[in-house]
Structure formats: C-alpha cells, structure tokens
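Residue 1 is where the sequence shown starts when you use the UniProt record's numbering, and the numbers rise one by one after that.
Backbone N, C-alpha and C fix where the C-beta goes; we use that ideal spot for every residue, glycine too.
Given the structure is predicted, the values throughout are model-derived calculations rather than measurements.
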Amino acid sequence: PVAEQSDLILDVDLAVLRRAFADLAEWQQTRPGFWVTANLSTRHLGHAGWLDQLQDAAATAGVDPTTVILELTETAAPDDAGSGRLVVDAMRDLGFHVWFDDFGSGWSALSDLGRFTVDGIKIDRSYADQLGTKTGEVVIAALVSAAAELGLSVTIEGIETPSQYERARNLGCHFGQGYLWSRPVPPAAVARFL
Numbered sequence: 001p002v003a004e005q006s007d008l009i010l011d012v013d014l015a016v017l018r019r020a021f022a023d024l025a026e027w028q029q030t031r032p033g034f035w036v037t038a039n040l041s042t043r044h045l046g047h048a049g050w051l052d053q054l055q056d057a058a059a060t061a062g063v064d065p066t067t068v069i070l071e072l073t074e075t076a077a078p079d080d081a082g083s084g085r086l087v088v089d090a091m092r093d094l095g096f097h098v099w100f101d102d103f104g105s106g107w108s109a110l111s112d113l114g115r116f117t118v119d120g121i122k123i124d125r126s127y128a129d130q131l132g133t134k135t136g137e138v139v140i141a142a143l144v145s146a147a148a149e150l151g152l153s154v155t156i157e158g159i160e161t162p163s164q165y166e167r168a169r170n171l172g173c174h175f176g177q178g179y180l181w182s183r184p185v186p187p188a189a190v191a192r193f194l
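Here you go:
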C-alpha cells in the first residue's frame with residue numbers, strides 16, 4: 001500500500017517486469033508460446049516515459065509483447081481517464097494484452113469497460129467464494145456475459161476446489177487461477193509446470 005500511494009510503485013513494477021520478462025524468455029526456450037501475466041499499477045498510465053520503459057524492458061529480454069498480459073491493479077481509478085485510455089491503447093498497439101485485475105472490487109467496474117479498451121478481466125477472488133450460491137453465480141454470470149458481449153477473455157481468481165473450477169467453467173469463465181493448481185512459487189520452481 002505504501003508503494004502504491006507514491007511513485008515508488010513505478011520503480012517496483014518496472015523491476016518486477018524486467019525480472020518477469022527475463023524469466024519468460026528462459027521459459028520460452030523450453031516451451032515456445034508460454035506467456036506470463038504481471039500486475040501493473042494504474043499510476044503508470046500517467047507517467048511520462050512509461051511506454052518507452054516497457055518497450056525497452058521487453059526488447060532487452062527478447063520477449064514478444066504478445067506473450068505478456070499486463071493486469072491493471074489499484075484501489076483507485078487513474079487520475080486522468082482520458083490520458084490513461086491513450087496509454088492503455090498504446091500498450092495494446094505495442095502488442096501487450098491488457099486486462100483489469102480484481103474486477104468487481106475497488107475501482108474496476110463495469111463502467112470502466114466503456115472507458116478503456118482491454119483484452120480481458122480477472123474476476124476478483126471474493127466472487128469465487130460465492131460459487132455454489134445462487135446470488136454469487138448470478139453475479140458472475142452477469143460479469144461473464146458483459147465480457148462476452150465485448151469480446152473479452154475472463155479469468156476468475158481464488159479457485160481452490162475442482163467444484164469451484166467446474167462451476168466457473170459452466171458459467172463461461174475461460175481461465176481459473178488459484179490454489180487448486182498451485183500456491184505461488186519462485187521462478188525456479190516454474191520449470192516443473194513446463
């Protein structure tokens with residue numbers, strides 16, 4: 001939270017992306033087409049020079065931007081939605097995929113789908129806890145339906161059981177993320193999944 005409230009998050013995100021890109025380049029030697037997702041603060045959308053830094057980091061690692069999903073995260077909307085939209089469009093023009101992370105919580109909401117052109121949404125994990133309830137599944141189905149109408153891919157976070165995964169798939173979610181498959185692991189441990 002402290003980094004997110006200051007420009008420190010800009011340096012943290014860039015360092016994480018550089019590491020992720022280097023790891024991705026290594027993993028793609030074993031498994032071409034492998035892709036990675038990385039969180040990105042919406043503070044970058046108003047930061048001069050961000051696009052050059054992003055493009056340089058990918059080029060330095062030798063990573064094809066089309067194998068990278070940048071997930072916009074934050075608890076508040078971008079300061080200037082107009083310029084933010086232009087930066088999101090420019091990231092997509094460079095080949096990066098842009099998604100809203102933690103969709104349905106914080107600032108990311110249905111109205112943002114009309115303001116920003118993104119490739120997908122990652123539904124917040126709090127909704128996975130509601131799988132198996134009528135209310136929860138109605139809400140998830142509505143989010144998936146809206147995304148489908150806009151041609152967006154959908155991931156749901158927080159999948160911990162096969163039953164949750166099956167319900168999410170039946171509701172139209174394309175992907176799931178959660179402890180059902182793995183807890184977070186260091187980069188060196190990713191090889192076992194390749």
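Original post:
Three or more beta-carbon pairs under 8 Å between the region 178-188 and the region 143-154, yes or no?
Top reply: no
Subject >> Beta carbon of Cys173 nearer than 8 Å to that of Thr155 >> reply: yes
Original post:
Exposed or buried, what is Ala48 when buried is set at 16 or more other beta-carbons lying within 10 Å of its beta-carbon?
Top reply: exposed
Subject >> Cutoff 6 Å; reference Met91; Cβ partners in own chain excluding five residues on either side >> reply: Val98
Original post:
Thinking C-beta only, is Glu137 closer than 8 Å to Arg167?
Top reply: It is a contact, given that the beta carbons lie within the stated cut-off.
**OP:** Whole angstroms is fine: what's the gap from Leu143's alpha carbon to Ala128's?
**Re:** 13 Å
**OP:** Compute the Euclidean distance between the alpha carbons of Gly62 and Asp93, then round it to the nearest angstrom.
**Re:** 18 Å
Subject >> Close Cβ partners of Phe34 (< 6 Å) along its chain, the five nearest in sequence each way excluded >> reply: Closer than 6 Å at Cβ, skipping near neighbours: Trp27, Gln28.
Subject >> Closest by C-alpha distance to Leu171, when choosing among Leu194, Ala188, Ala189, Val139 >> reply: Val139
**OP:** Compute the distance between the beta-carbons of Leu45 and Gly84, then report whether it is under 8 Å.
**Re:** For Leu45 and Gly84, yes; Cβs fall inside 8 Å.
Subject >> Pro103 in three-state terms, based on DSSP >> reply: At residue 103 the sequence reads Phe, which differs from the Pro that was named. Strand at Phe103.
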